[in-house]
Each structure stands twice: as C-alpha cells, then as structure tokens.
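>
There are 6 protein chains.
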Amino acid sequence: MKKLLDHKVGEPVDLFLFIKQSTKGVTQQGSPFMSLVLQDKSGDLEAKLWDTGEEQERLYPAAAIVRVGGEVHEYRGKNQLRIKSIRPAKADEGITMSDLVPSAEKSKEELMEELMQFFFEMKNPQIQRITRHLIKKHQEAFTMYPAATRNHHDYVSGLLDHVVSMLKLSKAVSDLYPTLNKDLLYSGVILHDIGKVIELSGPVAAHYTVEGNLLGHISIMVTEISKAADELDISGEEVMLLQHMVLSHHGKEEWGSPKRPMLPEAEMLHYIDNIDAKMNMLNRAMSKTEPGEFSERIFPLENRSFYKPTFE
Amino acid sequence: MKKLLDHKVGEPVDLFLFIKQSTKGVTQQGSPFMSLVLQDKSGDLEAKLWDTGEEQERLYPAAAIVRVGGEVHEYRGKNQLRIKSIRPAKADEGITMSDLVPSAEKSKEELMEELMQFFFEMKNPQIQRITRHLIKKHQEAFTMYPAATRNHHDYVSGLLDHVVSMLKLSKAVSDLYPTLNKDLLYSGVILHDIGKVIELSGPVAAHYTVEGNLLGHISIMVTEISKAADELDISGEEVMLLQHMVLSHHGKEEWGSPKRPMLPEAEMLHYIDNIDAKMNMLNRAMSKTEPGEFSERIFPLENRSFYKPTFE
Amino acid sequence: MKKLLDHKVGEPVDLFLFIKQSTKGVTQQGSPFMSLVLQDKSGDLEAKLWDTGEEQERLYPAAAIVRVGGEVHEYRGKNQLRIKSIRPAKADEGITMSDLVPSAEKSKEELMEELMQFFFEMKNPQIQRITRHLIKKHQEAFTMYPAATRNHHDYVSGLLDHVVSMLKLSKAVSDLYPTLNKDLLYSGVILHDIGKVIELSGPVAAHYTVEGNLLGHISIMVTEISKAADELDISGEEVMLLQHMVLSHHGKEEWGSPKRPMLPEAEMLHYIDNIDAKMNMLNRAMSKTEPGEFSERIFPLENRSFYKPTFE
Amino acid sequence: MKKLLDHKVGEPVDLFLFIKQSTKGVTQQGSPFMSLVLQDKSGDLEAKLWDTGEEQERLYPAAAIVRVGGEVHEYRGKNQLRIKSIRPAKADEGITMSDLVPSAEKSKEELMEELMQFFFEMKNPQIQRITRHLIKKHQEAFTMYPAATRNHHDYVSGLLDHVVSMLKLSKAVSDLYPTLNKDLLYSGVILHDIGKVIELSGPVAAHYTVEGNLLGHISIMVTEISKAADELDISGEEVMLLQHMVLSHHGKEEWGSPKRPMLPEAEMLHYIDNIDAKMNMLNRAMSKTEPGEFSERIFPLENRSFYKPTFE
Amino acid sequence: MKKLLDHKVGEPVDLFLFIKQSTKGVTQQGSPFMSLVLQDKSGDLEAKLWDTGEEQERLYPAAAIVRVGGEVHEYRGKNQLRIKSIRPAKADEGITMSDLVPSAEKSKEELMEELMQFFFEMKNPQIQRITRHLIKKHQEAFTMYPAATRNHHDYVSGLLDHVVSMLKLSKAVSDLYPTLNKDLLYSGVILHDIGKVIELSGPVAAHYTVEGNLLGHISIMVTEISKAADELDISGEEVMLLQHMVLSHHGKEEWGSPKRPMLPEAEMLHYIDNIDAKMNMLNRAMSKTEPGEFSERIFPLENRSFYKPTFE
Amino acid sequence: MKKLLDHKVGEPVDLFLFIKQSTKGVTQQGSPFMSLVLQDKSGDLEAKLWDTGEEQERLYPAAAIVRVGGEVHEYRGKNQLRIKSIRPAKADEGITMSDLVPSAEKSKEELMEELMQFFFEMKNPQIQRITRHLIKKHQEAFTMYPAATRNHHDYVSGLLDHVVSMLKLSKAVSDLYPTLNKDLLYSGVILHDIGKVIELSGPVAAHYTVEGNLLGHISIMVTEISKAADELDISGEEVMLLQHMVLSHHGKEEWGSPKRPMLPEAEMLHYIDNIDAKMNMLNRAMSKTEPGEFSERIFPLENRSFYKPTFE
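Those sequence lines, one after another, are chains A, B, C, D, E and F. Every position in the first sequence, counted from 1, becomes a number in my numbering once 18 is added. Every position in the second sequence, counted from 1, becomes a number in my numbering once 18 is added. Every position in the third sequence, counted from 1, becomes a number in my numbering once 18 is added. Every position in the fourth sequence, counted from 1, becomes a number in my numbering once 18 is added. Every position in the fifth sequence, counted from 1, becomes a number in my numbering once 18 is added. Every position in the sixth sequence, counted from 1, becomes a number in my numbering once 18 is added.
1) Which word fits H225 of chain C, buried or exposed, when buried means at least 16 other C-beta atoms lie within 10 angstroms of its C-beta?
2) Relative to the C-alpha of V84 of chain D, which candidate in D:A65, D:K96, D:Y93 and D:G71 has its C-alpha closest?
3) Just curious, the alpha helix (DSSP H) that Y204 of chain A is in, first and last residue?
4) Using a Cβ-Cβ cut-off of less than 7 Å, list which residues of the segment 258-276 of chain E approach chain D; keep chain order.
5) Between the C-alpha atoms of L203 of chain F and F36 of chain E, what's the straight-line distance to the nearest angstrom?
6) Pull the bridge partners of G61 of chain A from the DSSP assignment, please.
7) Determine the burial state of E158 of chain F: buried for a count of at least 16 other Cβ atoms within 10 Å of its Cβ, exposed for fewer.
8) For the segment 217-224 of chain F against the segment 240-247 of chain F, are there 3 or more C-beta pairs whose distance is under 8 Å?
9) In the DSSP assignment, find the unbroken alpha helix (DSSP H) run with N302 of chain E in it and report its ends.
10) Tell me whether the segment 175-192 of chain F and the segment 232-242 of chain F touch, counting them as touching only if at least three CB pairs, one residue from each stretch, are closer than 8 Å.
11) Using C-beta distances below 7 Å, list every residue in its chain close to H25 of chain D, excluding the 5 sequence neighbours before and after it, in chain order.
12) For the segment 289-303 of chain D, which residues have a beta carbon sitting closer than 9 Å to at least one beta carbon of chain C?
13) For R100 of chain F, which residues from the same chain have a beta carbon less than 6 Å from its beta carbon, with the 5 sequence-adjacent residues on both sides left out?
14) Which residues in chain D sit within 9 Å of R100 of chain B, going by Cβ to Cβ distance?
15) What's the C-alpha gap between H170 of chain D and L319 of chain D?
16) Taking the Cβ atom as the reference point for each residue, do M280 of chain D and R315 of chain E lie within a distance shorter than 8 Å?
17) What separation, rounded to the nearest whole angstrom, lies between the Cα atoms of M134 of chain B and G234 of chain D?
18) My output table needs one value for D32 of chain B: the three-state DSSP class, helix, strand or coil.
19) Out of D:R147, D:E255, D:F329 and D:L178, which one is the CA nearest neighbour of H210 of chain D?
20) Between which two residues does the beta strand (DSSP E) holding H91 of chain B run?
21) On the DSSP bridge assignment, give the partners of Y325 of chain C in chain order.
22) Looking only at its own chain, which residues have a Cβ that is under 8 Å from the Cβ of G274 of chain E, when we skip the five neighbours before and after it?
23) Return yes when the Cβ of E283 of chain A is within less than 8 Å of the Cβ of M258 of chain A, no when it is not.
24) Taking the straight line between their C-alpha atoms, what separation do you get for S266 of chain A and I208 of chain F?
25) Y204 of chain B versus chain C: which residues are under 8 Å apart at the beta carbon?
26) Distance cutoff 8 Å, beta carbons only. Does L232 of chain F sit that close to anything in chain D?
27) Closest Cβ-Cβ distance between V119 of chain E and chain F: below 8 Å?
28) Using beta-carbon positions only, say whether K7 of chain F and T161 of chain F come within less than 8 Å of one another.
29) Could you pull out every residue in the same chain whose Cβ sits closer than 6 Å to the Cβ of V119 of chain C, ignoring the five residues on either side in sequence?
30) Tell me the residue span of the alpha helix (DSSP H) that contains N231 of chain A.
31) Among the candidates A:L56, A:Q47 and A:T45, whose CA atom is the shortest distance from the CA of Q39 of chain A?
Structure, rendered in structure tokens:
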C-alpha cells in the first residue's frame, strides 16, 4: 500500500497517520489554526488545520493517531499535506503507533546482537565493563531513542542504528590503520551519544529536556562514565580516556566539545560520527532526487544541493 | 630590602631566588644551556645559564632555591636577568620557599574567613551543603593553588584571592540587580575554578596534568558536583543548576564552555570572572608604567598597551 | 487597572494606548493595511489594522492616542494585539502621552539629583567642568531620551536611568579596584551616550536622524567634547582622555569604536555599559517567564533563552 | 653614484647614510647592541652595531648622518647591511638630511600646484572653503609628512604624493561614472588623511603620538572639519558629508571606520585609497624582482608574492 | 510612453510586458498561484496571479509576452505589481521580446567596436591571438549574455557592456600606473567572465546550467584558454598567465578563486571588476532615490543603504 | 644498522645521508652558514654548517650524498643534528640515492598492481578510459612523486601510496554505503592529486613550480581531464563529473576548491583524503611518542599534541 511519502504533488491521500508534532498558531489576521507534523513509516509532512478551536486541540494532540484525507501540495519548495478530512482513529481499527512511526530497518534486537559482536574484538576488561554497564543501565532507552531530533537517524532506534553503522566503519578503519586501539574506538563509538537518552524527552516526538538544554549530552555522559567507574570500582587511565573520547567527539570547542581530540582514536571517532551522519542525510536526499536533477538543499551540509548523474 | 622586580635595567642584583621553571636547551650552534625562571615575592624574570652540563642540571632544577648575582637587562622589550654567579642556597642560610614565592597579600586563613562570611547571605540549604562539601574536600589545594599558571592571580593562594574578590563584586551587583539569586551566584563563584586543583600539578611551578589536558577543569568540576550530590544524598534542580554555572562560566563554546550561560546568574558569573581577571592584569601592568607612558602589551587583553595619564 | 502587558493570550483588551509606530503596508494579495505598535506604561504590542484607507492613515499616525478593543493572541512565538475596535481618544477623556508612555521608575528630577551626587567624589576640575557643561547644554534631551530605540532602557528617561545605574556600578568597582580614576570613569559614564540626543530623533517613537546614520553618536560626542573644551578654554590631556573614553566605549572596532580601550577606566566603562544593558534585558525577559520555563529568546544576548529555576 | 639599494648581496658599501631608527638591544647572551635602520634616497636597510656602549648611543641616535663602510648580506630572506666601519658625518662634508631622506619624485611645490588644479573642477563653495581652510591650516606638515610610517608612501611628502595620485584616479572614475559628485570626492581625497599630521610625530622617523594612539587620524580629522566649519561660519549638510567621507574611508568597522561608507563617493574614496596604496607597494616590490622570479612577500597584500613574467 | 518602473505606488498600469520568470506556488492555505517576474526595458517587478490552474500555466510561462492591467503597490519595502487583468499578446500586436527586454544602452555592435579598439594598444601576439580566438568562438553569446543573473549588468549584452566599461577603467589605471602590462590586463578583462556563456543558460531568463553549477565559469574558462592555445599551437608563459588572470579574478579562495592574484595585473583586474560591478549597482539604486533620502538596501554591498545629498 | 631517526638526543651519529635541502644563510652577526636537511630512510633532521664559504656550497648542494659525523641534540622542542665532520661520499663507497631517500614501504610496482585491481570493480567505460589514459600519460612521475612536500606521504612514491590507501578506504565505505558510485569514487581517488606531478618539481627535494604556484594542481588536473576526453573522443556527463570530483576535493573554497562537493562521491572523496592524510601524520607522530607522554605538536591538526595511553 502506498505510504505518505510515496504520494506525488497533486495526488489524493487517504491514510492513518501519527501526529508527531502538534502546535497551535494564529494567522497574521488573528484566526487560530493548528500546525501538525503527520507521519507514517515513509516519513513525515507538515499540514495545517485552519480555524481550529478547543475541540480540535483536544482531538489532535501530539502522539495521537488519525485518519486523514487530503492532497499533497508544494509550498516554498517543500511538500506539504493539505487536509480535507481528519478524524481520530478508532480503537477497533487496530492501528498502533508502531505501525506508523518510522524506525530502523532492522529490529532493535538484531541491532543489539550486531553491536554485541564487537565486544569479541575488545581486550581491555576495564573498558569493556564500563561500556557494558552503561549499555545495560540505559538499555531500554538506548535501543529506542533516535540519534537526533531531526537531520539524521531521527527515527525509533536511530541511535542504535547509527552506533552499529559506526562500529562497522570503525572496524574497517582499524583494519586499515592497525595502530588504532579497538577498545577505545569501539567503546567511544558505543558511548558517544548515550547521553542523548537524558538530553531528549523520549523515543518519539522528542524535544530537549531542561537538563539536556543546560548540561548537554556530552557533559551528562562524562559524569555517567565517572559514576559507572565508581560503581564498578574501576580506577585507572581507562576511565579518563573514555571520558575524553565522549568529551571531544564533536571535534571543536565551537561545536560543543570543551576539548579537541587528543587521542588518535578520538580524532577517528569524530570523523566516523561525521561520515555516518552525513551519509544518512545524503542517502535520504538522493533517494528523493531524479537523475539529472539536484537534490533539495541539505542544511547541515552547508545548505548544499547534490547532483544525481544521468548514468548509473 | 630591594626585591627582584625593584631593580631597574642595568642595576646589579644579589638575591636569593626560587627556580620557578628550569628547562634545558641547546643553542642554534649546538651548545647546551639552561633557561630558568627565577622569582621572589616581587615577581619573576627569565635568565639563561650558558654552556651547562650535568652538574648544573642537578644543582638547578625547578623548585630549588639559589643565590644569584647578576644584572637586569632588557631583551626584546622584556626585562631579563643576566646571571654572573649562581649557587644553591645553603641549609643554614635559612631561606624557605615561602620567603620567595609570591602569594596573595592576605593569608589564606584571612581569605577563607572572608569567604565563609558570604555563606551567611545564602539561604538554599542544598546549594550551601554542596558548596561547603566541595570546599572541604579540596580545602588544602583550594587555599594554596594559583588561579592560573600565568596572566592573572598566578601566585600562591591566587585562586582563593580571585574567588574572594569575585564574591565582593558579586555582592555589589546583587545589591544593584536584586533579581539575581545570591545562592546560585555565590556558589557559582566559589566552585567555578576548583577543578583547577586537579587540572594543575600544584601550588607552585604548576603545569597541566594529563587529566587537566584531556578533561579540563570545567568537566572535572561538573563531575565533582555530581559526586558531591550523591554523597550528600541531594537531588533536585539545584545540582543541575550548579553544574550549569560551572559548565558555562567561560561564556562561549570556543572558550571551552560546552554550553553558553542560560541563567542570569551564570551570565553574571562570566562577567565577574572576566572583570576580576582583567583588573588583576591591568593593575600589575599599570604599576610598572610611568605617567605619560604606555604599559607593556598585555596578551590576554588582545595584546593592547594601556596609557597612564600624566595627571592623578 | 490591568495594563496592556498584564493581559494573557486570549484575554479581551479595552484600553487607551499610544501609537508608538505606524506603518502602511500591503498584503501579498495587494490589500492595504496598517501595522501599529501600541503601548502603555507596561510595554508595547504589535497590531494590524486590515483594509485601511486614507481615513485610517489620517486618524492613526505615530504619536496618536487611541482607544482600542481587542484580544491578545500569539503569532510566531510573540504576543500580538488583535484589534476589534479602534478610535482616536477624545480631548475630554483627559488621557495624555505621559499617562501611556513607559518611563524610568524614578522621575528625571530624582535621577538627576542622584547623578549630581557623583560629582562630589570627583576631584579634577577640568573633567568636571567639561562634563557639567555638556550635561547642561543637552539637559532637556539628556533627561528625556531613551538609551536605545529598543532592547534596553528604551523608555522615556531611559538614557538617564542607564547612566545613574552605571554610576552606581562604577562606584562599586572603584571601591574594589582603587587604582581606577573616578574622575575619568564617572565622567566617561555620564558622557558616553549623550551623543544619542543627536543620533536619535526624540524621546518617544525615536528613529535615527541622517546625522545619526552618517556619523553616529560616538563621533558626534567626540566633536562635542572638543567644542566644550574650546568654549571653556580648557586644554590639556583631560580633553583627549575624555574623547578616548567615549570613542572606545563599544570596546572593539567591529562594534563601532574606532579605537579599543587604552585606559583601564575605558576598559571598565565598556564592561559596565555592557553589564547594565544586559541586566536590563534579562530582568525584562525573566519577569515574563514562569518558574521551570525558558524565557523568550533575547536577540542581543546571542539569541539565547534563559531558564527560571523552580525554587526561589 | 650607486645608492644603498643598488648594492647586491656581497657587494661592499661605502656611503653617507641617514639613521632613520636607532634602538638599543641586548643579545640573548646579554651583550648590548644597537639596531639601526639606515637609509638614503634609494630606500633603507637594517644594520646592527655589536658590543655598543654609551659612546655609540651618543654618536648614533635617530636622525644622525653617518658614513658607513660594510657589505650587503641576506638574513632570513631580507637584505641587511653588515657594518664594518661607521663614523658621524663631519660638518664640512656638507651632507644634509635632504640629500639622504627619500622623498616624492616631484617637489612639494609641484605637487601642491597639481593638487590646486583640481579645485577648478569643484563647484560647491562650502566644500571648497572648508577644504582650502584645512589645507592652509596644516600646510607645512601636509606637504612634508609621509602617508604612513611604512608600507606605502612612507617618504617625505608621501602624503601629498598619495593625495595627488588619488586625485588623478578620482578624475578618471568621475569621467567614467558621471553620477559621482566631484566636490565630495575630490575634497574627501584631499582631507581623508590630513589627520595624520597630528597622529604622527613628524615628516621623518615618524612614530605615533599619544593623541594618534588614543584618538586616531580619523576622529582627529572629523573634529577638525567641525572646527573649520565653525570658524568659517558654515553650516549645512556639506559639513556632515565631509565628516562622513573621512569617517568611513577605511571601509569597515574592523579597519577603524566607525561607519561604513553610505555615499557613493565615500565608497569610491575607499576603493581609490586602497588601489593607490597597493600599487605603490606593488611597484616597489616588482622593481626589485627579476623576470621569472617571485617578489618578496608583501605583508599588507596578505603576505603574497607576485610573479614577474619573463616577457615584456 | 511611461514604462513599468516609471509608475509610482498607486498608479494604474496598462502595458505589454515580458515574463522573465514564472513559478508555480501554493499558499499556506493550499491554493495554487503563480509568481511572475514581469519586465520591460525600464526594469522588472514581481507580481502574483492567484487561484491559477492549468490554463494559466499554459498561457503564462517564462519568456511569454503579455498585456497586463494593474497597479503598483509596495510590499515589505519593495514595489510589486498587482495584476487586475492579463492576457497573452496577440501576434498582430507586433510586440517582440527585444521591445521589452532591457539591454545595454549601446548596441552590441557599437560595444564590440569599442572593445576591438583596445587591441590596438596591445603588443603581445600570443595574448592577442588567444583573446581574439576566444571572442570569436563565443561571439554570439558573448555579445548577448548578461554579466550576472541579478545585481549588476543583468541585461542583454550586460557582459559586453561590463567588459567595455572595465576596459576604459583599465586604460585609465594603466596610464596612471605605467608598470602595468596592458596586454595582460586588457586580455584578462576581456576573458575573465566569458565562461559565463557556458555557466548560464542564455541571454534572457538565465539560470545556472549543470556545468555552471558543478564547474563554474572560472574553471570552464581556464580549460577554454588551454584549448585555444592548443588549437592555435601557442605555448609559452602567456598561456599560463592568462589562465592565472581568469583563475584569480575573484580575489580570494572564499570567493571562488582557487588562487589569489599573483600578478599586479591580476590584482588590478580584481579591483576593476569590483568597482565596475559596484558602481553599476549604486547607479541603479541612487537613480531611484530622492535627495535627502536613503536608497533601498543593496545586498552585495553588505546590505547598506546609501544617502543622496540634498544639494547637487 | 641504526638509522638517523633511531638516534636519541646525545647519541653520536656516523652515517651516509642525503641532502634533501641546502640553503645558504647569514647569522645575525653576518657570518655565512648553510642550513641542510639531511635524511636517510628513517626520516630527516635539520643541521647547520657554520662559517661556510664557496667550497662548502659547491660540495654540499641539494641531492648530494655525504658522510656525516655528529650528535643529535634538541633545539626548541625539535631534534637537530650537530655536524662535527662532513665530507662528500666517494663513488667507490657505493651509496646511491635510493639507499637513503625514504620511500613507500611497498615498491611502486606492487602499489601499481594493487591500484590496477580496483579497475575490476568499475563498470563505466568512459570513466575507466579517461582514468587509465591519465595514469599512463603521467605514469613515470605518478609512481615516483610524493603526495606533498611535507606533512604527509612526503616520500618517494608517497602519492601512489596515498592513492592506494584511499582506494582501500573507498572500497570499505562503498560496501557500507552501497549507493555510492564506485566508478566515480575510485576514479576520483586516482585522479585527485595527479596534478601534483606538474605542481611540484620532482620526486625528491620537491618545490613548487611557477605553474604550480600560479594555477595549482586542481586547475591543472581539470584541464588535463578535458584534454584526455578530447584525445579519447569522449563526451558526456562523465567528463564533467570527473572534473568536479577533482575540483571539489579540498572541500571548501577557502581550502582551494572553487566549488564545494555536489556529488555524494565528491563529498566522500574529501573525507577519505582527509582521513588518510591525517592518519599518516598521526602514525608518524605517535611512533615517536612514549606511553604516558604527549606527541610533538602536529601543525596541520591545528597544532594539537596527542596522548599515548600507558596501557596497550
């Protein structure tokens, strides 16, 4: 069955959709409206409900499931959904959030299994114990959260998907550059963004928590590593080096890392994080682009458009 | 008695001095030499020992006390000491490090007493308990360390001196802007740089520790606050806000704060820290400048020179 | 009685208001409208009058007083006023501009009296004479003008209010750092922005004059100090140093100061100006923020939001 | 006769030279020396006098004339003069400063005559009167000073030479772009740097005065224009526009102009000033470069080297 | 007869116009509309057609000629055209594109004749042959294309107009600075932007081609010069230097020149290109500005407004 | 046998060495000396020859082989060689350049064979033909040149070594991100720096050619691709895309790429080039660092030092 993003401009839509975001607004002229972000597994579109009132606000909050009729149209170079009819899904229609919310292609169980394989290549017991401890402590959220609220891996289990992809890339570069310490690199990859499970509010419709705003996932995680070491009664340089891996993974002070990488593995973690995030965005943008055309602009890639060749 | 910095260019010097820094070097032509930073309470000067060998290296390490004869001369706009004679101080000459190393004008006991007065204006018990706990935990070092290895408050008890001066400024601005929360501001002032006791190697001849380099005093302290709260069994927003105060006190990401200030008190902490550090540098530079002249260039003030008026 | 900014979103409004700004516009579809900024002492809100014609333009120019019925609503994260009825105030309703235009909490007479007290701490007669001369020359405007057209101290007597607050802060820092020359610092504070009385068009509804645009308040004031010295037949370093205080008070070339501060007092003037302006903005923003929430974004504070703690 | 810069590396030198700069120094090893900048009309070279004492300091101050024997050698990519013999010139040898100090190719009288011709193309009496008044007031210095202490037009009458060259360029662009107002442009060119006669200490061996450091030639000149208008009893927009021409001629705040150009003529003044200064530097550098070689690096041209083609 | 830009706000319009750009859009509420840029020789205005459908899209594509009735109105500080009636021009009305599309004031034949005169001042046969060859190869487009899609010389024959104006400026500066090599400078001026005939899609309604986006006119032209030299069997330094002239004419890497100018002529080419482009924009903006007013903001001049004096 | 870089500070050296660079200099005091860069396969050290004359200049030019006795010492944090004896190698000592000049670990034949394997994974005949043509055209130099004059892969066959390493990384990322086009990516990797064979002067002791300075390897190669396509009679998008791959591989305009990457493969090429260069530098620096120490500062990694953990 045709999903939301499979519809071209002008095509009629009749689908169950998940309300990812719901915001009240008022037009310049003063009429109230609601701005919804509606999604199914194919992705999301913005939509407006005009002349809304208390009833609409009650019926269509974030995280509700609705049945929507309408049409795709284009507004300022981006597709939107024009709503012609909307109603809450009924209990007996049997649609659940997991039918609609996009998630990693593989299940979180598969991804976790892939992840756990990488421990077999690690040797340092301290690093392994801290890493396993922190995975376990946050397992529920770690396997469900997105890696970001938008731009890349912004879907259920996106964080885990991103981590597993980065681990594969880590293995490739460790093979090419054998001086890299796999314990540090793999553990750094696994831990680098776990702080997001505290920084963000949840696996879907995520926003920044107060703690996320005031401390940020990097500082949160540095403290978490310290706590883990205390609980496991581990001391030694490994603790500090893991903290540094997490601390420096944004690469520069102006990107939120209070220290720049000072370990070859930390430098490589920054590169790998960057490549995997950028490839995720590029893949998404290019999949929507026709041969001989330029993609939509990708903001985190300095707002560039990318060209799709006419040959294979 | 005339101290080191009281000597003008060309004046002979005959003093007991403390070796603040001792580095081996080799001239362009290949002869070994030693580069010393010699100090007494008036400040420090660089000096060279030429054609040195193993004996000199053994006799003149950092932290040794020596008797030096020589002359002040100027090299590239900065004064240096030309050594004509040097020998280790003898035990029976009775000179100790504390006779030579510059320190805050007030004793650490006086400064601590001044500091403790500020607790009387604080109301929030959680904030007070965490702050007192951390002062106590690091008291020995907190009362002895400099605030920085150079530029400002770089003397014994310099950190405590800086903190007390900032507390006085905090009180003045809190009186002028009564919406500021004194608990947060005072505690932020007290805690903001305690991480330096781990970042730096000691109260004199300080260099950066490995942990200081890889984590930095800001992240070290954020974790310390978390540990203090755990040990005191304190939870609640206060912990996170104190962490944020410390985290953001450099003001900008590019200056090492992973988050910019998001509390009015955090913004003010950044201003006060800046003003007190800059005034310390300005006072030092202007005290060496004659009326009608420009001071030496002050690097952290964008390398500016400051003018001393000819009138009072 | 409830003032304009005391109304929450959705609440009906029925008030006399002052038209701070009145601009004609045309919608995307080509219909004429008017964009008004309406204010009373509590602050101002934007409002639109739709489908306007010549009559409306005649009735509702800037500086008119009107009676408005309507409702507060939110548009793109900022509150606006939806006008349902509007008419000019009638003469016999007895409402005057001074009833509606926000001004400093203290009267200009009180503020001037506070300001004059600071002369008692000054010693240098040349500096005092020039300063008094310029206050007197521009007294009418100096006591009425805002310090800026928006952001901080943007109300009647805002400039004087800002200056008096800065003088108090100057006194506090002069006490803490006694090397600062009070004559230079106090006079610098008093004179630094007087050029605004030429840069801006008036005490209310102020815009930039041509001279303000082409020369700016800094260069205008540097010339004014020179003229004052000529008229008072004062020569000597004091004139040049006061010019430098004004010239450098924005702190950096890119912020409009053709020279950076080269006097400790000039450096401090820059800090004090900055702190007082920022605290004014922070106070305003935090007063509208609920505990546990973030404030609106404050553009001149790098567009940051500030958090209001849940505890006192 | 061969002048100083006509000597190649390795060639012996025996010349009367003018001491442009004389600075005492001390070597790393503590021996005193003097660093001289020696010049004749062909340009200048640095030279060292080793193991100097009071006698040398007395004999070889700045502005002395000396007879030097030695050799040109190259040090770190720049030519220097190695002094083998030096003595003060004797009165009866009849060498005067004007024999040795480089100056504009044309005499100041010729240059002034060329300059005065441009008034015939001007129409606005106010602009002409202010401009003539300021030329007259500072005529002595205006015709003698360099345009800068180094880099471009740094010779006697360099300022006037620069102005006349810029006037010719102004005429060319005014002919091409006839909308430009010649009164504003010519007057702006003439006045733009006159403030340098107060900013700098004199026509030779110039350094920055205290007033030059604290106020700068731009602000000095803005005040001068205001005074001229007062003395001539001229009011009207012309005064402000001339002030703006001078104020904005550095083009950007970060280059010392508190306002960017807001008149087409001010924009053009900035371009013309830039072109004439850069061409002066390029001509000097290329004249010392062989075909097929790159010039020395030119610091104000972003430290670039320029290539001299092998063909004419 | 009154042309499009001769109409003031509020004035009725009834004109034949050329559709420079035609874009489909959808309002926030979901209604389709078309956004047209309509022009005649006086310039262009934006206009909207509301509630459009397939017929309108067929009738009003880019490059169509239409008869439009409507009115000029102002929207956000820029004039627009409100369309009240529109229909395609009829064949028998005899209006052609060249009646409506703005072009250089002189004919392309006149401009080419002016351009060819400059060859008489050139001496180097290799440079001349390459330059003539490339003019001839691209003559059709070179004489018709604009110099840019907007901002400056964005009209038919705009590129040629820009080049001829630059040549005149080149002659003026070559006369003032006779060390400049006219062969290199004139040829650089002529060739510098010919790559635009491949970078852009055509002389009117131009957009960037794929090759223009991926390679840019600078790299395209560098290759063209190499091909020309091959075809003419010319080798020698001249080829490389012409490539460098083109390569470096944007002046800085961040402006798209992979190398900064390293020939005095290349430096001058950059200045001349800049001046001529900026004067073209300034003239256009000032011609629409009343005395005593500021112009509209000019984006490529750092968004500045320029003031038009009240006197001549 | 112990090689040059195997010697610690203080250890005596007696080795045949290759003169990589030979520069004449003069000390501050005017004595001539020579500055040599001496190397064997382990790397290079700087050394000085004091009080040199014509004979020394004749005996010790760049590319000579010498026998040197001396000692390693440290100068400003970098090791140098103090020469105690030096003489030219004798013919009958049988030492050749290839015994001394560092080169890739594998032979150029092995490396070329590895490279050629990657063609088996490519499918597009046009891309393959252009790539093979250009390898063949420049094969001699391509297999011998370094990838840079310093910093990374600055040894014989360094360019080829770098390319092969990048190809392996390309394969790994292509496997992980299968949307990447291997033809474009592999060919881009192979061609991206071939222009260096024209930009640099030779495989050893390389400096920039005039063409290298004025055009740069990027623009040189873009033209080379165009010529190859002409010679092979290939047209079509592939040519332009290969040009874009080369053109954009520095990633940003300010780093010398006139266009930023606009193909996913071009983006990846930039990442891979960066990673392989940085890992080469990191490996070299870390190999000289003891556990528990920081490496020397690495300039192209923003002058950072990297830490070597104390555990394996």
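Here a beta-carbon is modelled for each residue, glycine too, at the ideal position from N, C-alpha and C. As the structure is a computational prediction, the values presented were derived from the model and not from experiment.
Let's see:
1) Classification for H225 of chain C: exposed.
2) With distances taken between Cα atoms, V84 of chain D lies closest to D:A65.
3) From DSSP, the alpha helix (DSSP H) with Y204 of chain A extends over K200 to L209.
4) Of all residues in the segment 258-276 of chain E, only L259 come within less than 7 Å of chain D when Cβ atoms are compared, listed by chain position.
5) Cα to Cα, L203 of chain F sits roughly 45 Å from F36 of chain E.
6) For G61 of chain A, which the question treats as bridged, DSSP gives the partners A:D58.
7) Classification for E158 of chain F: exposed.
8) Contact annotation: the segment 217-224 of chain F does not touch the segment 240-247 of chain F, with fewer than three C-beta pairs closer than 8 Å.
9) Residue 302 of chain E is actually Arg in this sequence, not Asn. From DSSP, the alpha helix (DSSP H) with R302 of chain E extends over P282 to S305.
10) No: the two stretches stay apart, fewer than three of their Cβ pairs being nearer than 8 Å.
11) Only V31 and V90 meet the Cβ criterion.
12) Taking 9 Å as the Cβ-Cβ cut-off, the segment 289-303 of chain D has no residue approaching chain C.
13) Residues G88, E89 and H91 of the same chain have their beta carbon placed closer than 6 Å to that of R100 of chain F, with the five preceding and five following residues left out of the count.
14) What R100 of chain B touches in chain D: V44, Q47 and G48.
15) So the alpha carbons of these two residues sit roughly 11 Å apart.
16) No, Cβ-Cβ distance for M280 of chain D and R315 of chain E is not below 8 Å.
17) Whole-angstrom Cα-Cα distance: 48 Å.
18) For D32 of chain B, the secondary structure class from DSSP, reduced to helix, strand or coil, is strand.
19) Closest by alpha carbon: D:L178.
20) Taken as a continuous stretch (DSSP letters only), the beta strand (DSSP E) holding H91 of chain B covers I83 to Y93.
21) Here Y325 of chain C is bridged, per DSSP, to C:F312.
22) Only residues of its own chain outside the window of five on either side were considered, and among them G234, I236 and H268 have a CB closer than 8 Å to the CB of G274 of chain E, listed in chain order.
23) No; because the gap between Cβ atoms is not below 8 Å, this pair is not in contact.
24) Looking at the two C-alpha atoms, the distance is approximately 33 Å.
25) The contacting residues do not exist; Y204 of chain B stays about 15 Å from chain C at best.
26) So, interface residue.
27) False, the Cβ-Cβ gap to chain F never drops below 8 Å.
28) As shown, chain F starts at 19 and ends at 330. That puts residue 7 of chain F outside it, with no answer to give.
29) Excluding sequence neighbours, V119 of chain C sits near F36, V174 and V222.
30) From DSSP, the alpha helix (DSSP H) with N231 of chain A extends over V228 to L232.
31) Of A:L56, A:Q47 and A:T45, the smallest CA-CA separation from Q39 of chain A is found for A:L56.
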